[in-house]
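Quick note on this note's numbering: the sequence shown kicks off at 6 and runs consecutively.
Think of the CB as a built atom: it goes at the ideal place given N, C-alpha and C, for glycine as much as any other residue.
A short worksheet on the structure shown next.
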Amino acid sequence: MGGTETKGDVGSDQSLLSPKIRKLGEKKNNRFDSAKLEHPEVRRPPSAPRNAISNVNETSVFLEWAVPEETGGRKDVSYNILCRKISVDSRHYEECDSTVRFLPQRSGLTNNSVMVADLLAHTNYTFEVEAINGVSELINPGRTL
């Protein structure tokens with residue numbers, strides 16, 4: 006499972022946000038060591054999506070990213086969007102509530118973009134784009150959005 010995270014103040018004029026990349030899995034010489042997998046024929050989770058770009062306006066953000074460099078040897082790569090906003094006390098982030106809309110959807114995206122709408126203006130949000138495939142659940146069971 007991989008993720009790209011962008012942070013920004015909705016309503017600002019930021020059009021390119023610096024991504025934070027997460028990768029899951031062991032690497033050896035910049036390649037996944039499939040010998041450490043119990044069933045190498047199953048392959049591995051994809052690496053993180055790359056080059057996240059956001060286009061922000063008052064109450065929405067358009068997120069776009071490049072496909073992962075490594076698909077894990079599989080063709081069933083899809084994406085989930087994790088959304089958090091700064092809490093009322095400004096001390097931590099909390100999950101976005103159900104009033105935030107994801108177009109076309111929040112999880113199981115097969116394309117590399119999403120529109121997030123109905124955000125609160127002048128509120129800090131963070132978005133993480135997570136790449137998954139059929140092996141991701143085996144590596145990280147019980148993960149829910």
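Specify, as a first and last residue, the run of the beta strand (DSSP E) that residue i falls within.
i: residue 108; result: 106-108
i: residue 143; result: Looking at the DSSP string, residue 143 is not in any beta strand (DSSP E); the run it does join, the alpha helix (DSSP H), is 141-144.
i: residue 92; result: Residue 92 -> no beta strand (DSSP E), and no H or E assigned at all.
i: residue 133; result: 129-137
i: residue 121; result: 118-122
Return yes when the Cβ of residue j is within less than 8 Å of the Cβ of residue i, no when it is not.
i: residue 74; j: residue 52; result: yes
i: residue 134; j: residue 48; result: no
For residue i, tell me which candidate among the options has the shortest Cα-Cα distance.
i: residue 119; options: 126, 105 and 91; result: 105
Residue i and residue j look like a contact to me (Cβ under 8 Å); what is the Cβ gap, rounded to whole Å?
i: residue 65; j: residue 126; result: At roughly 10 Å, the Cβ-Cβ gap does not stay under 8 Å, so residue 65 and residue 126 are not in contact.
i: residue 50; j: residue 77; result: 5 Å
i: residue 84; j: residue 124; result: With 8 Å as the limit, residue 84 and residue 124 do not qualify as a contact, their Cβ atoms being about 19 Å apart.
i: residue 91; j: residue 62; result: In fact, because the Cβ distance is near 19 Å, the residues do not count as touching under 8 Å.
Mind listing, in chain order, the continuous beta strand (DSSP E) runs of no fewer than 3 residues lying wholly within the stretch 49-74?
55-61 and 66-71
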